[in-house]
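The next block holds one structure in the form of structure tokens; read it before the comments.
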Amino acid sequence: MNFGISTACFYPEVLTEDTLKIISSIGFKLCEVFFESSTEMTGEILSKIDENIKKYNLSINTVHPFPASFEPFLFDAYNRRREEMEEKFELACRAAKKLGAKYYIFHGQRNNKQIKDIKWAAKVMDNLCKIALKYDVYIAWENVSWCMGNDPKFIQAVKENMKEELYFTLDVKQAIRSGRSIDEYLNVFGNKIVNVHVSDSNEFCDCLLPGYGGVDFKELIKRTQNLNKDCQYIIEVYRDNYGCFDEIKKSFECMKNLEV
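Next comes the structure, spelled out in structure tokens:
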């Protein structure tokens with residue numbers, strides 16, 4: 000079983016390159032790198048991230064650029080703006096390749112209930128998939144409550160109009176925030192699910208460390224493993240969702256005990 004953690008769990012207190020030592024000390028071997036700025040996707044900082052990945056013997060399979068800054072504009076009708084954002088997207092894909100990541104976690108368009116141009120979205124996604132493939136990277140589209148991808152029907156329609164290969168990330172907390180069941184997404188993702196952002200929840204909080212709420216992770220793991228036995232599980236919570244790093248360690252142990 001592939002259990003890991005996102006560097007985003009330590010934002011904004013710890014620099015991305017410095018999270019890797021902490022992640023290793025907790026016992027993780029797998030992590031997802033969340034690029035918190037454009038400067039982390041190139042030059043000396045990216046090299047330092049790569050250096051620390053090797054130093055602490057970590058494996059990186061997924062990267063997650065801070066998407067709100069440019070991804071919605073990848074679908075812009077104004078060519079200059081869209082092409083400029085494609086350069087940022089390509090920069091992230093190039094960084095992913097340097098770190099050895101296979102998947103780019105993608106948010107996409109902001110939610111707009113009035114405008115759902117399926118064919119345009121599919122055309123853009125096909126183009127982005129081609130750009131990513133130049134770096135041996137695949138897009139793993141994530142269900143995010145404030146994006147168009149919160150709607151399983153929209154995802155399905157775009158997928159049906161695409162020519163390129165597309166993969167998916169299931170985010171548990173975002174499903175809750177979208178008012179959707181996990182099944183609604185899994186029915187669309189099918190065997191193309193490659194990544195799960197795991198978090199727990201209770202009646203008071205929709206984002207907690209796994210093991211601190213009531214989510215049935217054993218069932219979730221069973222269902223996703225039936226779809227793709229190589230699916231990975233990445234703890235992704237916010238810094239105010241836990242008190243100390245020992246809580247993360249306990250959560251990690253909880254997840255490992257759920258192997259099916």
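The sequence shown begins at 0 in numbering that gives the first Met the number 0 and counts up one residue at a time. Backbone N, C-alpha and C fix where the C-beta goes; we use that ideal spot for every residue, glycine too.
Note down, in chain order, each residue of its chain lying with its Cβ closer than 7 Å to the Cβ of residue i, except the 5 sequence neighbours on either side.
i: Cys206; result: Lys172, Ser198, Ser200, Val236, Tyr237 and Asn240
i: Thr41; result: Leu90 and Ala94
First and last residue of the alpha helix (DSSP H) that includes residue i?
i: Trp140; result: Where Trp140 is concerned, there is no enclosing alpha helix (DSSP H), although the beta strand (DSSP E) it sits in stretches over Tyr137 to Glu141.
i: Asn78; result: Asn78 to Leu98
i: Val123; result: Ile117 to Leu132
i: Val171; result: Val171 to Ser177
i: Gly42; result: Gly42 to Lys54
i: Val32; result: No alpha helix (DSSP H) contains Val32, which is instead part of the beta strand (DSSP E) from Leu29 to Phe34.
i: Phe2; result: Where Phe2 is concerned, there is no enclosing alpha helix (DSSP H), although the beta strand (DSSP E) it sits in stretches over Asn1 to Ser5.
i: Phe153; result: Pro151 to Glu159
Within 10 angstroms of its Cβ, does residue i collect 16 or more other Cβ (buried), or is it exposed?
i: Cys243; result: exposed
i: Gly148; result: buried
i: Asp245; result: exposed
i: Ser68; result: exposed
i: Glu16; result: buried
i: Gly189; result: exposed
i: Glu50; result: exposed
i: Glu141; result: buried
Run through DSSP, which three-state label would residue i get?
i: Val13; result: coil
i: Gly210; result: coil
i: Gly242; result: coil
i: Leu165; result: coil
i: Asp182; result: helix
i: Val193; result: strand
i: Gln224; result: helix
Assuming residue i and residue j make a contact with CB atoms under 8 Å, what is their CB distance in whole Å?
i: Gln231; j: Asn56; result: Not confirmed; about 17 Å, so no contact.
i: Thr6; j: Phe33; result: 5 Å
i: Leu257; j: Ile234; result: Actually they do not touch by this definition, with Cβ atoms about 12 Å apart.
If you drop the 5 nearest sequence neighbours on each side, which residues of the same chain put their C-beta closer than 8 Å to that of residue i?
i: Ile192; result: Tyr166, Phe167, Thr168, Leu169, Leu185, Thr223, Leu226, Asn227 and Cys230
i: Lys47; result: Glu16
Once the 5 residues before and after residue i are set aside, which same chain residues still bring their CB inside 6 Å of it?
i: Asp75; result: Arg81
The beta strand (DSSP E) with residue i in it runs from where to where?
i: Pro64; result: Ser58 to Pro64
i: Tyr103; result: Tyr102 to Phe105
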